[in-house]
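All you need for my numbering is the position in the sequence shown, starting with 1, plus 1224. Just so you know, even glycine gets a beta-carbon here, dropped at the ideal spot from N, CA and C.
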Amino acid sequence: CNAMTWHKRQHTYDNTDEMKHPLDSECWKELDRCHPQFVVDPQFAVDPRNVRLVLSSDGFDPFDKKEYSCWPVMLSPLNLPPTLCLQRKFIFLSMLVPGPKSATRSIDVFLRPLLMS
1225 CNAMTWHKRQ HTYDNTDEMK HPLDSECWKE LDRCHPQFVV DPQFAVDPRN VRLVLSSDGF
1285 DPFDKKEYSC WPVMLSPLNL PPTLCLQRKF IFLSMLVPGP KSATRSIDVF LRPLLMS
């Protein structure tokens, strides 16, 4: 799909301090600079078809009783153009972390299978 390679083919830099897409962020550039060791094949890193995902989560109490929490973990591809990047149809619910208390301290246990796959 052409939209998934937009970040390599059509993104233009306008030399402003305004971030129009996550591609403009320092984090994206830092990831490219500092972590080539995770790539076995050097050609893999420069392939525009590689998918970069953003992971987000925020807990809530589904019953308003402060006795239970639920933490949805969502993924969204950042390769897409800004107009598509965070549209509902491109946000994927990857897991729900349930529990009687906040999962902030132990959420890494739940995320490990997702990040290691």
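What is the residue span of the beta strand (DSSP E) that residue i lies within?
i     : result
P1299 : According to the sequence as given, residue 1299 is Leu; it is not Pro. Where L1299 is concerned, the enclosing beta strand (DSSP E) stretches over S1293 to P1301.
Could you name the residues that DSSP lists as bridge partners for residue i?
i     : result
V1278 : S1300
F1316 : L1299
P1322 : C1294
Over what stretch of residues does the alpha helix (DSSP H) that includes residue i continue unbroken?
i     : result
L1310 : Taken as a continuous stretch (DSSP letters only), L1310 belongs to no alpha helix (DSSP H), as it is neither H nor E.
L1255 : E1250 to C1258
By how many angstroms is the C-alpha of residue j removed from the C-alpha of residue i?
i     : j     : result
P1305 : W1230 : 6 Å
P1286 : C1294 : 7 Å
C1258 : R1276 : 16 Å
V1333 : F1316 : 20 Å
D1256 : R1336 : 23 Å
D1271 : G1283 : 35 Å
N1274 : L1338 : 17 Å
W1252 : I1331 : 24 Å
D1241 : D1288 : 41 Å
Can you list, in chain order, the residues of its chain with a C-beta nearer than 6 Å to that of residue i? Leave out the 5 residues immediately preceding and following it.
i     : result
V1297 : S1281, S1318 and M1319
M1228 : N1303
N1226 : none
With a CB to CB cut of under 7 Å and the five nearest residues on each side skipped, what residues in its chain are close to residue i?
i     : result
Y1292 : D1285, P1286 and P1324
S1249 : M1243
F1314 : S1300, P1301, L1304 and L1308
L1310 : S1300
Give the C-beta separation of residue i and residue j to the nearest angstrom, bearing in mind that I take them to be a contact with Cβ-Cβ under 8 Å.
i     : j     : result
P1246 : V1278 : 7 Å
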